[in-house]
Each structure stands twice: as C-alpha cells, then as structure tokens.
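In what follows, a structure is listed as structure tokens, so that the remarks can point back to it.
Residue numbers (the working numbering): 4 to 265.
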C-alpha cells in the first residue's frame, strides 16, 4: 500500500500516524457536539482528547514491549524509546486511555460513565481511521487465502510484503474497518432507542469490539503480534476474552445502579 502518505522535502509523513490524528480529530469533533447536546461540559471532552493522545501512545508501546517482544527490549532497554522503528499494539492503547480518562474524570468530579457513553459513540470512528492507517501501512495483515475478497501487498516498504510478498491475503484490515462501522451503527441505534442508564453504551461497545476483534484475529497472519498454543490463539484474543467478560459484568452492574442518562 502506501506506508508514507506524502513527503515535504526530506520530511516523511507516515500514513498510520496521519490516519490516527484524523481519527482523533473526527472523534473529538463529534464528542464535543454530543456533549453540548447532552448538557455535559465540553471542556472535559476536549481534555479527554488531549489526554488520550499521550496515554494511547504509551499504552500501545507498553503492550508491544511487555507482550510481543520483551526479550528484545530486555537486551537493550533504550530501544523502548526508538519510537520511529514502530512497535505499537492497539489494545494496549485503548486500555491505558480508558484508565487515564477514568481517573481524570473522577479527579474532576464529573459523571464518568456519562462521558464514557458519549465516547462510545465516537471511539469507533477513531478506530476506523486507525485501521485505515493499518491498511495503508501494510500491518495487521491476514493469512494467505484464495477467498475472493483479499489484499495483495506489492510495496516493499509495507510490513505485509516482508512476510508475504505479492501474495493474496485475507483483508483483515478491511474486516476490522467494517467491524467498527457495524459497531458504530449498533451503538447509535441503542442510543436513540433504549439508552436508559449510564454505562450502557460503554459496556456494549466493549462487548461488541471484543467479539468482532477476537473473531477476526483468527484470520490474521502477523504472528509477531504474539501467538500461543502453536498459533491457535493470539495475545489479542486472550485480551478480548477478558474484555468480553468485563463488558458483561459492567453491563449488569450499570443496569442495577441505573444512573439516569443526561
């Protein structure tokens, strides 16, 4: 695909980074509009966006270092700071972002789950652009396939080319993009039809993402993301199992607590 979106002189602009920033901007814009509509102070939504960038960066890096390549970084700890060489994991990003948001909103004495519900109406769009970045970058690629929907990476600069040059692969990046769009549609529908307690949209988002992402993981071919049991299960799937359990627990907890929606 196109790992470098464009250049200005000798300065390169990576596709993945640009797509992430577009996703953050789109999600923030939508979040501000929704907060205004719900009567929630907009300033905290803007703060969440600002906090989310470094928190996501740190979480994605930590997950890569601790789960995917711990020995590599133990050999030379300074490599942790070689960010330009890549090495980020999406699920690490959003877990650290959620933790940072939770403590920030608690510190500001704001309705945490009301803001998390609003975020759940926006985050899938950020994920969509993030996966578009994966597509352009050639990472998070699929296994070889003869399925009529497939992607073939011919750019030597893409990650997929290093593993499967000029080989039809499962279009996992497109599947992941479709997954979050479907997720977005379901959450929006629930918000309009039956959003009757705080935390409902958030717990639904966690559950839907866990199911979709966990299923698509079976088709991925980038084994360096961390696979176990002779490739039968990935680190991402293990995380998604726990996330699904957490989503169910939170749903019934929020339902019992029944805090009114703004």
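Cβ atoms here follow ideal geometry from the backbone N, Cα and C, with glycine treated the same way.
Note that the structure is predicted; figures quoted are calculated from it, not measured.
TODO: Quick one: grab the DSSP three-state call for residue 146.
DONE: coil
- [ ] Following the continuous beta strand (DSSP E) through residue 263, name the residue where it begins and the one where it ends.
- [x] Here residue 263 belongs to no beta strand (DSSP E), and DSSP marks it neither H nor E.
Open item on the list: Closest to residue 175 by C-alpha separation, out of 238, 140, 222, would be which residue?
Closed with: 222
Open item on the list: Suppose contacts are defined by Cβ-Cβ distances below 8 Å. Is residue 132 in contact with residue 22 by that definition?
Closed with: yes
Task: Buried or exposed by the 16-neighbour rule on C-beta atoms within 10 Å, applied to residue 190 - done: buried
Task: Best match in 158, 135, 52, 178 for proximity to residue 119 [C-alpha to C-alpha] - done: 52
Task: Chain-order list of residues whose beta-carbon lies under 8 Å from that of residue 44 (same chain, five-residue window excluded) - done: 38, 113
Open item on the list: Count Cβ pairs between the segment 199 to 211 and the segment 145 to 160 that sit closer than 8 Å; are there 3 or more?
Closed with: no
Open item on the list: Less than 8 Å between the C-beta atoms of residue 217 and residue 243, yes or no?
Closed with: yes
Open item on the list: Rounded to whole angstroms, what is the Cα-Cα separation between residue 169 and residue 4?
Closed with: 11 Å
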